[in-house]
Amino acid sequence: MTASARTPELVLGPLLRYVDSTDATVWVEVSAPCEVTIRAGDEVATERTWGVHGHHFAVLHLCHLREGEETPYSVELDGEQVWPVDPGRPSVICTPRADDTVRLAFGSCRRGESQTPEALREIGADALVGLAHRMAQAPRREWPDAMLLLGDQVYADIPSREITERLAERRDAGLGPQSVRDSAGAGGDRDVSDEICDFEEYSWLYHESWRDPDVRWLLSTVPSCMILDDHDLRDDWNSSYAWRREMTAQPWWRDRVIGAFSSYFVYQHLGNLAPDELEANETYQALRGAASDAERVRLLEDFAVAADSERGTVQWSYKRDFGRVRVVMLDVRASRHLDPEDRRVMDADEWAWTRDACLDADVDHLVIGSSLPAFMLPALHHVEGWNEAVARHRPEMPVSARFGEWARRAVDLEHWGAFRNSFDDLVGLLTEVAAGDGRPAPASILLLGGDVHCSYLEEVELTAQRVADSPTRVHQLVMSPFRNPLQKSIRAVNRLSVREPLPALTRRLARAVGVRDPEVRWRVSDGVWFDNGVMTLVLRGRRARVQVDHARVEWPAWGLGKALTLVPGPAPDSWGRKPGDDPTGQAGRTGQAGGGGRRRGGDSLDRKPRQVLRRTLTKELTAAGWGGALSRGRPGVRGLRRWGPRPR
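Numbering (my numbering), first residue to last: 20 to 667.
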């Protein structure tokens, strides 16, 4: 039977990607060429699939939806309905109203293994599965309006055991790129043969990650915004000029680049675009109009190679507006400028776009999403600055430069603080937004980050005189991982990085090699936590709060527990500093509790009343039936919430 004669099946999706007050886009992958139809109330969208590498896709645009309504939708393939699978659990499109509260769930770093007891013991409960269960029990007004997935949606270099076995079978059968099979030979890099390389293998990752029934329903109902990070290609991707020079010399690198960028474009990036951006995207329109799958393969290969090697060819960053909230999602991985004398986390074109996206927004809240935290834990920030300085090649210090490059890769010193030019540019941009300069200043600038496999909240104070009277409050919120816990040894390092004397010592180390203090101070206000979890921003008018939920395995059921709330307010008066003080605001603090968010030294709540409050609320919620999971045998959700502004 030919492919065209097969009965088409829904392989992956539907994924609800873009939604505004009247429009929505839905992404699907199917098993054979066919006509896909989406029905949402009176609105119908139909699109013919296009194929590449034996896979078949469609992105459908629904228009003329009604503002502020909840509309169930269905998927048909050649006239046969294939979704929803369970009529009692329909997928819905919820169009927002301009004055609605905006809820944005976010996080990063999710391994896609199944929910077996073995996987749960190894990598813990899945926060996205828990979020799906909470939504099933919660009223619509408490659902997220969108999910921001901040990188490492898939792990090309750390596939699951099941996929590793499939890779071995494929290599043994002589399938896949020849360059990878050769690497397993004498003198080659055997690790590469156990990693994902081409489009077909990348599709396995997405199928594994997004086919879980709960995650599949979640992605079909909550619009999603995605951005890439290093594990979409390989750990430490573009960490330095030396790293890139070494990788591009590998015979398998070109095949990996083609597989990574072409699959990212199809599976993630197309859904990030608004309908008018899809219409204007030359690569997407060329794929739709190509005469054959082979032509589409060539188009994607050329696109992927250019995306990796020709700066300015592709822009992965994008923006979305949710009423009076602007979300700017930044690519801080693929667009890096790695010249050792002028390292930048974004090239000039991408940065110019970022400035425009942040400065032309008349909004109540500016949300900047980056796979990497801008403001690292204090000691780690200083170490990254020191490392960049010593790793810069100097003829008179060759040993120091080699050691700096080794350290950079060994402990992942590659965040904003390791690109000091870009860090200073970002602080300058935040200052410019907060100052207003003739434009209305937002109530808050909220920087979202992932990558680091721990989570925490930070209060940020811009110290430039021009923002002394600004109403804008700046916070960073880091949520990682959704599901991929950090090794215990590195947890200990992260705990120490917020406790004196380590921040002071590393600050002196950075100053000793010429790293100057920035025009900003920050401090960890809650955390550091190491649980799998998810954060949700709740933005209404000019107020904001964040709920933190952590996934836990509680045999025989699972749940999400622990939540905090943050309302942006003025920086504490105790932040007054003298010249030469620690710019991170950590000096003189006795530290952070490693797992409970309890602060010592300078805490706005006495420890004992805070402990009593949590103990009492936990007891009351447990008595009310919230002490366990909401669904037996699958991750559910429970939470402890602390509402209201911080005491000043």
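Every residue gets a Cβ at the ideal spot worked out from N, C-alpha and C, and that includes glycine.
Would DSSP call Met245 helix, strand or coil? Counted from its first residue, the sequence shown places residue 245 at position 226. It is a strand residue.
With a floor of 4 residues, list each alpha helix (DSSP H) that falls wholly inside the region 126-164, ordered by position along the chain. For the region 126-164, whole alpha helix (DSSP H) runs of length 4 or above, ordered along the chain, are 136-142 and 146-156.
Check this for me: beta carbons of Thr65 and Cys53, under 7 angstroms apart or not? Here residue 65 refers to the residue found at position 46 of the sequence shown. Here residue 53 refers to the residue found at position 34 of the sequence shown. No, the pair does not count as a contact, with Cβ atoms beyond the cut-off.
Is it buried or exposed for Val55, if we count other Cβ within 10 angstroms and need 16 for buried? Reading the sequence shown from its first residue, position 36 is the one you call residue 55. Under this definition Val55 is a buried residue.
How many Å lie between Ala325 and Trp272 at the Cα? Stepping through the sequence shown from its first residue, residue 325 is reached at position 306. Stepping through the sequence shown from its first residue, residue 272 is reached at position 253. Just so you know, the alpha carbons of Ala325 and Trp272 end up roughly 14 angstroms apart.
Let's see if you can read the secondary structure: which residues bound the alpha helix (DSSP H) around Cys377? Reading the sequence shown from its first residue, position 358 is the one you call residue 377. Ala367 to Leu378 is the extent of the alpha helix (DSSP H) around Cys377.
Where Gln506 sits in the DSSP three-state scheme: On the sequence shown, residue 506 is found 487 positions in, with the first residue counted as 1. It is coil, neither helix nor strand.
Judging by CA-CA distance, which residue of Ala293, Leu289 and Asp295 is the nearest neighbour of Leu306? As a working mapping, residue 306 is identified with position 287 in the sequence shown. Leu306 has its Cα closest to that of Leu289, out of Ala293, Leu289 and Asp295.
Between the alpha carbons of Arg263 and Asp358, how many angstroms are there, rounded? As a working note, residue 263 is residue 244 in the sequence shown. As a working note, residue 358 is residue 339 in the sequence shown. Roughly 11 angstroms separates the two Cα atoms.
Have a look at Pro39 and Ala187 and give me their C-alpha separation to the nearest angstrom. One-based indexing of the sequence shown puts residue 39 at position 20. One-based indexing of the sequence shown puts residue 187 at position 168. In the sequence under discussion, the amino acid at residue 39 is Asp, which differs from the Pro named in the question. Each residue's Cα considered, the two are about 44 angstroms apart.
Same chain only: Cβ atoms within 6 angstroms of Met395, ignoring 5 sequence neighbours per side: As a position in the sequence shown, residue 395 is number 376, starting the count at 1. Closer than 6 angstroms at the Cβ level, and outside the excluded window around Met395, lie His434 and Gly436.
For Arg352 and Phe125, the rounded distance between their alpha carbons: Counting from 1 along the sequence shown, the entry for residue 125 is found at position 106. Counting from 1 along the sequence shown, the entry for residue 352 is found at position 333. Their Cα atoms are separated by approximately 19 angstroms.
Report yes if the CB atom of Ile246 is closer than 7 angstroms to the CB atom of Gly331, and no otherwise. In the sequence shown, residue 246 corresponds to position 227, counting from 1. In the sequence shown, residue 331 corresponds to position 312, counting from 1. Between Ile246 and Gly331, the C-beta gap is not smaller than 7 angstroms, which leaves the two residues out of contact.
Going by beta-carbon coordinates alone, are His401 and Arg526 separated by less than 7 angstroms? As a working note, residue 401 is residue 382 in the sequence shown. As a working note, residue 526 is residue 507 in the sequence shown. In contact: His401 and Arg526 (Cβ atoms closer than 7 angstroms).
Out of Tyr475, Asp201 and Ser354, state which residue places its alpha-carbon closest to the alpha-carbon of Val497. Numbered from its first residue, the sequence shown carries residue 497 at position 478. Looking from the CA of Val497, the closest CA among Tyr475, Asp201 and Ser354 belongs to Tyr475.
Take Leu34 and list the residues in its own chain whose beta-carbon comes closer than 8 angstroms to its own, dropping the five residues that flank it on each side. As a working note, residue 34 is residue 15 in the sequence shown. Only Val45, Trp46, Val47, Trp229, Leu238, Ser239, Ser243 and Gly290 meet the Cβ criterion.
Identify the continuous beta strand (DSSP E) that holds Arg221 and give its terminal residues. Within the sequence shown, residue 221 is the residue found at index 202, counting from 1. For the record, residue 221 in the displayed sequence is Tyr; it is not Arg. DSSP places Tyr221 in no beta strand (DSSP E) but in the uninterrupted alpha helix (DSSP H) bounded by Phe218 to Trp229.
What three-state label does DSSP hand Pro589 in the structure shown? By one-based count along the sequence shown, residue 589 stands at place 570. For Pro589, the predicted structure reports a pLDDT of 37, less than 50, and the residue's modelled location is therefore unreliable. A value from the coordinates is still provided. Shown here, Pro589 sits in coil according to DSSP, grouped into three states, outside any helix or strand.
Leaving aside the five residues before and after Asp249 along the sequence, list all residues of the same chain whose C-beta is less than 7 angstroms from its C-beta, in chain order. Residue numbering aside, residue 249 sits at position 230 when the sequence shown is read from its first letter. Counting only Cβ-Cβ distances below 7 angstroms, and skipping sequence neighbours, we find Asp255, Trp256 and Arg352.
Checking contacts by CB at 7 angstroms: is Gln495 closer than that to chain D? Absent here is chain D; the protein component of the structure consists of one chain.
Using a Cβ-Cβ cutoff of less than 7 angstroms, which residues in the same chain neighbour Pro136 once the five nearest sequence positions on both sides are dropped? As a working note, residue 136 is residue 117 in the sequence shown. Leaving aside the five residues that flank Pro136 on each side, none in its chain has a CB nearer than 7 angstroms to its CB.
Is the beta carbon of Val543 closer than 7 angstroms to that of Arg517? As a working note, residue 517 is residue 498 in the sequence shown. As a working note, residue 543 is residue 524 in the sequence shown. In the sequence under discussion, the amino acid at residue 517 is Val, which differs from the Arg named in the question. Val517 is a Cβ neighbour of Val543, given a cutoff of 7 angstroms.
May I have the straight-line CA-CA distance separating Ala393 from Gly447, to the nearest angstrom? As a first step, residue 393 must be located in the sequence shown, where it is residue number 374. As a first step, residue 447 must be located in the sequence shown, where it is residue number 428. Cα to Cα, Ala393 sits roughly 13 angstroms from Gly447.
I believe Ala453 touches Val409 by the beta-carbon criterion, under 8 angstroms. Please report the beta-carbon distance rounded to the nearest angstrom. Indexing the sequence shown from 1 puts residue 453 at position 434. Indexing the sequence shown from 1 puts residue 409 at position 390. Not a contact, Cβ separation roughly 33 angstroms.
I'd like to know whether the C-beta atoms of Leu385 and Arg439 end up nearer to each other than 7 angstroms. Looking up residue 385 in the sequence shown gives position 366. Looking up residue 439 in the sequence shown gives position 420. Contact flag unset, no.
Beta-bridge partners of Pro500, as assigned by DSSP: Residue mapping note: residue 500 aligns to position 481 of the sequence shown, counting from 1. Its beta-bridge partners do not exist; DSSP assigns none.
For a test of the three-state rule: what should DSSP assign to His384, helix, strand or coil? Here residue 384 refers to the residue found at position 365 when the sequence shown is read from its first residue. DSSP places His384 in strand when its eight states are reduced to three.
Just to confirm the assignment, what range does the beta strand (DSSP E) spanning Met554 have? Looking up residue 554 in the sequence shown gives position 535. In the DSSP assignment, Met554 falls within the beta strand (DSSP E) that extends over Gly552 to Arg559.
Hey, is the region 103-120 in contact with the region 188-204, meaning 3+ C-beta pairs nearer than 8 angstroms? Output reads no: the region 188-204 does not touch the region 103-120.
Across which residues does DSSP place Met266 in a beta bridge pair? Mapped onto the sequence shown, residue 266 falls at position 247. Answer is none; Met266 lacks a bridge partner.
On a Cα-Cα basis, can you pick out the residue from Arg564, His569, Asp568 and Arg571 that is closest to Thr120? Numbered from 1 along the sequence shown, position 101 holds the residue referred to as residue 120. The residue with the shortest Cα to Cα distance from Thr120 is Arg564.
Am I right that Gly342 and Pro115 are in contact with their C-beta atoms under 8 angstroms? What's the rounded C-beta distance? Translated into positions along the sequence shown, residue 342 becomes position 323. Translated into positions along the sequence shown, residue 115 becomes position 96. Confirmed, Cβ separation roughly 6 angstroms.
Find out if the Cβ-Cβ distance for the pair Tyr225, Asp251 is shorter than 7 angstroms. For this step, residue 225 is matched to residue 206 along the sequence shown. For this step, residue 251 is matched to residue 232 along the sequence shown. For Tyr225 and Asp251, no; Cβs fall outside 7 angstroms.
Only counting the same chain, and skipping five residues up and downstream in sequence, which positions put a Cβ closer than 6 angstroms to that of Val101? Within the sequence shown, numbered from 1, the residue matching residue 101 stands at position 82. Same-chain partners within the cutoff: Leu29 and Val94.
Rounded straight-line distance, which links the Cα of Phe218 to that of Ser281: Indexing the sequence shown from 1 puts residue 281 at position 262. Indexing the sequence shown from 1 puts residue 218 at position 199. One alpha carbon belongs to Ser281, the other to Phe218, and they sit about 7 angstroms apart.
Nearest-angstrom Cα separation, counted from Ser179 out to His72: Within the sequence shown, the letter at position 53 stands for residue 72. Within the sequence shown, the letter at position 160 stands for residue 179. Cα to Cα, His72 sits roughly 23 angstroms from Ser179.
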